[in-house]
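Following: one structure in structure tokens, then a few remarks.
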Ligand code: IPE
Ligand code: IPE
Ligand code: MG
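Residue numbers (our numbering): 1024 to 1269.
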């Protein structure tokens, strides 16, 4: 357990922190395999890394954190690994809910939740309801999330509203479309962090990430700590965000 650097490091500018940080927590399996452990041990350690990042975001004044926990493509993994992950999510949620209340965390899940095991769905609903009035930090967990699936379900919902005469074709704009995504009440990420060195988005927040700053590190997710996060924020603050202007 590292020391808890509660204060924002002095080389970071509080006024220019990203409002919303998204993370692709990749490399759990490789982390475990490198030490001769089964892949699932990497997922266990990955939970600790996420827990610490959430605390750190809260301590340093970041308003929203979105973590990619399970993609629509991850169902294609061996059954034992998928089952382990589903059980892990449920156990961790049950275990962490009191701490999240104490830390004033509002948790929300993004994705097609109806395809998750019933008992996990129950735990998800309970945690979202219980924390809905918390306002310390917004914590979004993308679970059975795929950006293409998200976009398609938005298209279906909008088409249906047009068909039923509830909206007109020319009312479909970026704002309306955004309101039909799982992230309807979440601002777009300012910074995306991906661990384990892979240079891809893996179907994560494709619409929302249009102007996110990308930060990719070779560190494997279970080793991503406050110092690593500090480095990511420092790199972010060196960037010049132009949004297409000059
Ligand atoms: C990310 O780590 C966690 C999930 C996808 C659930 P991986 O399990 O993808 O680890 P690597 O990429 O195989 O090392
Ligand atoms: C992305 O990691 C999904 C999560 C972190 C949950 P993957 O390991 O599934 O991505 P790919 O397969 O390397 O693109
Ligand atoms: Mg991976």
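All residues carry an ideal CB built from backbone N, CA and C; glycine is no exception.
Keeping to the same chain, check which residues put their C-beta closer than 6 Å to that of residue i; ignore five residues upstream and five downstream.
i, result
"residue 1253", "1032"
"residue 1164", "1090, 1092 and 1132"
"residue 1213", "1041, 1042 and 1043"
Would you report the Cα separation of residue i and residue j, rounded to the nearest angstrom?
i, j, result
"residue 1129", "residue 1084", "15 Å"
"residue 1070", "residue 1135", "21 Å"
"residue 1138", "residue 1088", "24 Å"
"residue 1131", "residue 1161", "8 Å"
"residue 1110", "residue 1263", "42 Å"
"residue 1117", "residue 1260", "36 Å"
"residue 1039", "residue 1103", "43 Å"
"residue 1065", "residue 1175", "32 Å"
"residue 1199", "residue 1182", "12 Å"
"residue 1075", "residue 1265", "31 Å"
"residue 1046", "residue 1080", "12 Å"
"residue 1123", "residue 1156", "12 Å"
"residue 1178", "residue 1241", "36 Å"
Closer than 8 Å to a non-hydrogen atom of ligand 1 - does that hold for the CB of residue i?
i, result
"residue 1042", "no"
"residue 1098", "no"
"residue 1108", "yes"
"residue 1065", "yes"
"residue 1246", "no"
"residue 1068", "no"
"residue 1050", "yes"
"residue 1199", "no"
For ligand 2, any of its heavy atoms closer than 8 Å to the Cβ of residue i?
i, result
"residue 1091", "yes"
"residue 1221", "yes"
"residue 1047", "yes"
"residue 1227", "yes"
"residue 1072", "no"
For residue i, which residues in the same chain have their Cβ closer than 7 Å to its Cβ, ignoring the five residues on either side in sequence?
i, result
"residue 1142", "1113"
"residue 1206", "1133 and 1231"
"residue 1025", "Confidence in residue 1025 is poor, its pLDDT being 49 and thus under 50, which makes the residue's placement too unreliable to answer from."
"residue 1258", "1238"
Closest by CA to residue i, which one among the options?
i, options, result
"residue 1267", "1180, 1234 and 1249", "1234"
"residue 1072", "1094, 1106, 1115 and 1227", "1115"
"residue 1256", "1243, 1215 and 1269", "1215"
In its own chain, which residues sit with a C-beta less than 8 Å from the C-beta of residue i, not counting the 5 before and 5 after it?
i, result
"residue 1056", "1062 and 1065"
"residue 1159", "1081, 1126, 1127, 1128 and 1129"
Flag residue i as yes when its Cβ comes closer than 8 Å to any non-hydrogen atom of ligand 5, and as no otherwise.
i, result
"residue 1137", "No copy of ligand 5 appears in this structure; the ligands present are ligand 1, ligand 2 and ligand 3."
Within the segment 1041-1110, ranges of the alpha helix (DSSP H) (whole runs, at least 4 residues): 1051-1057 and 1062-1083
Going residue by residue through the segment 1161-1246, where are the continuous alpha helix (DSSP H) segments of at least 4 residues, counting only ones entirely within it? 1170-1186 and 1197-1202
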